[in-house]
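So for the sequence shown, the numbering used here puts the first residue at 197; every next one is plus one.
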Amino acid sequence: MNAGSRFEIYFDFDNTITEFDVLDDVIQKFSVNEDWKEAEEEWRSGRIGSRECLERQFSQVRISSAALDAYVRTIRVDPAFPAIVRFLRARNIDPVILSDSFTSIIGPVLEHNGVPGIRVFSNEMRLDGDRPVLGFPFFGSICTRSGNCKCSHLVRQGRPAGLQKIYVGDGQSDVCPAGFCEILFAKGSLLGHYGPLRKDCIPFENLSNVFAHLQKLIP
Numbered sequence: 197m198n199a200g201s202r203f204e205i206y207f208d209f210d211n212t213i214t215e216f217d218v219l220d221d222v223i224q225k226f227s228v229n230e231d232w233k234e235a236e237e238e239w240r241s242g243r244i245g246s247r248e249c250l251e252r253q254f255s256q257v258r259i260s261s262a263a264l265d266a267y268v269r270t271i272r273v274d275p276a277f278p279a280i281v282r283f284l285r286a287r288n289i290d291p292v293i294l295s296d297s298f299t300s301i302i303g304p305v306l307e308h309n310g311v312p313g314i315r316v317f318s319n320e321m322r323l324d325g326d327r328p329v330l331g332f333p334f335f336g337s338i339c340t341r342s343g344n345c346k347c348s349h350l351v352r353q354g355r356p357a358g359l360q361k362i363y364v365g366d367g368q369s370d371v372c373p374a375g376f377c378e379i380l381f382a383k384g385s386l387l388g389h390y391g392p393l394r395k396d397c398i399p400f401e402n403l404s405n406v407f408a409h410l411q412k413l414i415p
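Shown next as structure tokens:
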């Protein structure tokens with residue numbers, strides 16, 4: 197049996213593939229005021245979900261297409277990520293990115309870092325002049341915490357017997373999907389949640405730690 201037939205692997209984007217939260221940085225750099233802080237606090241306390249939080253925050257963002265392109269060109273992924281992608285593809289495993297960020301940010305970042313062609317399930321953003329217009333194609337009415345219901349991408353029929361799902365993430369939006377995965381790499385608040393609950397939870401600081409484990413796990 198090929199190694200690729202036994203595993204699926206899912207990555208969060210912000211502060212997992214990237215070394216900081218790119219989405220938060222966009223909001224802070226390009227907001228015309230600090231109203232985003234109130235929405236952020238309401239989200240962190242659980243009073244609103246991430247869709248409402250993002251809609252409120254981006255209503256105060258002003259960014260041109262040229263400025264967005266210039267910004268994403270400055271973003272670097274974790275140095276180990278390209279090597280992980282090559283390692284997985286050599287074993288017929290297609291990595292998947294699940295994110296509450298936007299395809300118009302994630303896609304160019306991956307392209308500029310030499311890792312194009314990765315499947316991404318995320319929210320959408322286009323610009324009307326300098327005003328962001330948001331779309332949430334994977335929002336679930338039952339899942340009010342996330343703009344992109346990450347769990348919906350993990351639950352499908354017809355998986356081969358014995359297939360193991362691997363999840364790599366760091367934050368609140370990763371808690372639900374991580375619960376559907378047999379192998380979990382976690383840091384940040386995701387580790388804070390699952391560390392006491394799952395003895396098999398694997399802590400990581402950066403993706404070089406994850407890569408070392410994957411090389412042992414997948415022949």
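Don't be surprised by glycine CBs; every beta carbon is placed ideally from N, CA and C.
Bridge partner(s) assigned by DSSP for Ser227:
Val257, per the DSSP bridge assignment.
Ser261 to Leu323, Cα distance in whole Å?
Straight-line Cα distance between these residues: approximately 7 Å.
Applying the 10 Å Cβ sphere with the 16-neighbour rule, what's the burial state of Met197?
For Met197, the predicted model reports a pLDDT of 47, less than 50, meaning its position is unreliable and no value from the coordinates is stated.
What's the gap between the Cα of Arg282 and the Cα of Phe216?
Cα to Cα, the separation comes out at about 23 Å.
According to DSSP, simplified to helix, strand and coil, what is Asn319?
Asn319 falls in the strand class under three-state DSSP.
Measure how close the beta-carbons of Gln360 and Phe254 come, nearest whole angstrom, since I'm counting them as under 8 Å.
That pair is no contact at about 36 Å.
State yes or no: is the C-beta of Ser416 within less than 9 Å of the C-beta of Ser385?
Residue 416 cannot be examined here, being either before or after the span of the chain that is shown, 197 to 415.
Kindly examine the ligand HEM and report whether one of its heavy atoms sits closer than 8 Å to the Cβ of Glu378.
The ligand HEM is not part of the structure shown, which contains no ligands of any sort.
Taking contact to mean 3 or more Cβ pairs, one atom from each stretch, closer than 8 Å, check whether the segment 205-223 and the segment 293-313 are in contact.
Contact between the segment 205-223 and the segment 293-313 is present, because at least three Cβ pairs lie under 8 Å.
Between Pro328, Pro304, Ser300, Gly365, which lies nearest to Phe400 when the distance is taken from Cα to Cα?
Looking only at Pro328, Pro304, Ser300, Gly365, the smallest Cα-Cα distance to Phe400 is reached by Gly365.
Pair every Cβ in the segment 227-247 with every Cβ in the segment 377-391, then say whether three or more of these pairs are closer than 8 Å.
No: fewer than three Cβ pairs fall under 8 Å.
Any 3 or more C-beta pairs closer than 8 Å across the segment 273-290 and the segment 402-413:
Yes, the segment 273-290 touches the segment 402-413.
Just checking my contact of Asn319 with Leu306 at CB under 8 Å: how many whole Å lie between their CB atoms?
With 8 Å as the limit, Asn319 and Leu306 do not qualify as a contact, their Cβ atoms being about 16 Å apart.
Pro399 bridges to which residues according to DSSP?
BP columns for Pro399 point to Ala382.
Phe203 by DSSP, collapsed to three states: which one?
Phe203 falls in the strand class under three-state DSSP.
Here's the rule I'm using: 16 or more other beta-carbon atoms within 10 Å means buried, otherwise exposed. How should Val351 be labelled?
Exposed, because fewer than 16 other Cβ atoms sit within 10 Å of the Cβ of Val351.
Buried versus exposed call for Ala235 [16 or more other C-beta atoms within 10 Å across all chains shown]:
Result: buried.
Selected residue, minimal CA-CA separation from Val316, among Asp326, Gly325, Pro304, Arg327
It is Pro304.
Contact under 9 Å by Cβ, Trp232 with Gln256:
Taking 9 Å as the cut-off, the beta carbon of Trp232 is found closer than this to the beta carbon of Gln256.
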